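Quick notes on the structure that follows.
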Amino acid sequence: MVIDIHCHAGTAEKLQAPWTTRADLSRYLERAEEAGIDKTVVFAITSEDYERANAEVAEIVSRHRDRLIGFARVHAERDKGKIERLLRLAVEDYGFRGIKIHGAEALPTREVCEAAEGLGLPILIDIMGRVEILPLLATEFPEVNFIVAHLGSFSDDWRVFQVMPSMLAQYPNLYADTSGIRFFDYLLEAVQVAGAKKILFGSDGPLLHPGLEMQKIRLLKLSPEDEGLILGGNAQRLLGI
Ligand SMILES: [Zn+2]
190 MVIDIHCHAG TAEKLQAPWT TRADLSRYLE RAEEAGIDKT VVFAITSEDY ERANAEVAEI
250 VSRHRDRLIG FARVHAERDK GKIERLLRLA VEDYGFRGIK IHGAEALPTR EVCEAAEGLG
310 LPILIDIMGR VEILPLLATE FPEVNFIVAH LGSFSDDWRV FQVMPSMLAQ YPNLYADTSG
370 IRFFDYLLEA VQVAGAKKIL FGSDGPLLHP GLEMQKIRLL KLSPEDEGLI LGGNAQRLLG
430 I
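Sequential numbering from 190 applies to the sequence shown in my numbering.
Encoded structure:
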């Protein structure tokens, strides 16, 4: 089963960038089908109100039950004091299976990690290059699986890519997704150093093309077993599906 671990869906309030306006899945769903993607993890774009945005994602997921899996997005600071309630709602009412945190808003707090641990949810996190927090998260919450989006930097920060492979190898509960990584040899190095079991295919759709992102995985020229882990096996294990 091929699983895209990173895609956005729904609308937002600010209207100052595509990711604060709308993530429309109609083209994505066609492209993902053409690329052979069976299931896609979706979560909100950058919103002013994640209770509303998560509910909207739940509604979108309910229209594509066979293809979409929801993650709950929360703002670690603005939603302080209600993280557990928001996540419990997402798990129990919406059937969501993970958490998305974006470092441009706030990095994960103890409250977020404790809720993740209690509910058994992985955290997909965009650290915005803040690679130094990963050992703190990984050792403080060894039972929580952290999936580091874009190998740690959407903005091609090679300094981050330089240290990510050894960090992934060192901490059993640290993973990375492949979405938006342009410097191909750092992706290859991450697989070689940390092993295919620590890397998950993600597209960062709908802005990025899932078929194009998937070609990067094919071009790694791995064994069928290792390619299978990256394209879906790891996600199946982490999401319990
Ligand atoms: Zn994203």
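C-beta atoms are modelled at their ideal positions from N, C-alpha and C, and glycine is treated no differently. Remember, it's a predicted structure, so these values are computed and weren't measured experimentally.
Original post:
Roughly how far, in whole angstroms, is the beta-carbon of phenylalanine 343 from the beta-carbon of aspartate 315, given that I think they are within contact range, below 8 Å?
Top reply: 7 Å
Original post:
Roughly how many whole angstroms lie between the Cα atoms of tyrosine 217 and alanine 233?
Top reply: Roughly 15 Å separates the two Cα atoms.
Subject >> Continuous alpha helix (DSSP H) stretch holding isoleucine 249: start and end >> reply: 239-252
Subject >> Per-residue DSSP class, three states only, for arginine 371 >> reply: coil
**OP:** Could you name the residues of the same chain whose beta carbon sits closer than 6 Å to that of serine 236, not counting the 5 residues immediately before and after it, in chain order?
**Re:** Ala201, Ala242
Original post:
What's the C-alpha gap between valine 337 and leucine 418?
Top reply: 16 Å
**OP:** Out of Arg371, Lys387, Leu376, Asp346, point me to the one whose CA is closest to glutamine 359's CA.
**Re:** Lys387
Original post:
Less than 8 Å separating the beta-carbons of leucine 340 and phenylalanine 350?
Top reply: yes
**OP:** Find out if the Cβ-Cβ distance for the pair proline 399, aspartate 268 is shorter than 8 Å.
**Re:** no
Original post:
Given leucine 296, which residues of its chain have a CB within under 8 Å of its CB, disregarding the five upstream and five downstream residues?
Top reply: Ala265, Ile290, Ile314, Ile316, Arg319, Ile322
Original post:
Any idea which residues DSSP pairs glycine 349 with across the strands?
Top reply: With the sequence shown as reference, residue 349 is identified as valine, and glycine is not the correct amino acid for it. The partner list for valine 349 (beta bridge, DSSP) is empty, contrary to what the question assumes.
Original post:
Is the beta carbon of histidine 197 within less than 7 Å of some heavy atom of ligand 1?
Top reply: yes
**OP:** Have a look at alanine 206 and alanine 212 and give me their C-alpha separation to the nearest angstrom.
**Re:** Their backbone Cα atoms lie some 11 Å apart in a straight line.
Subject >> Secondary structure, beta strand (DSSP E): runs of 3+ residues fully inside the stretch 279-365 >> reply: 288-291, 312-315, 335-337
Original post:
alpha helix (DSSP H) containing aspartate 415: first to last residue?
Top reply: For aspartate 415, the enclosing alpha helix (DSSP H) has its first and last residue at 413-417.
Original post:
In whole angstroms, what separates the C-alpha of leucine 377 from that of leucine 409?
Top reply: 6 Å
Subject >> CA-to-CA distance, phenylalanine 260 to isoleucine 501, given in whole angstroms >> reply: Absent from the structure is residue 501, since the part of the chain shown begins at 190 and ends at 430.
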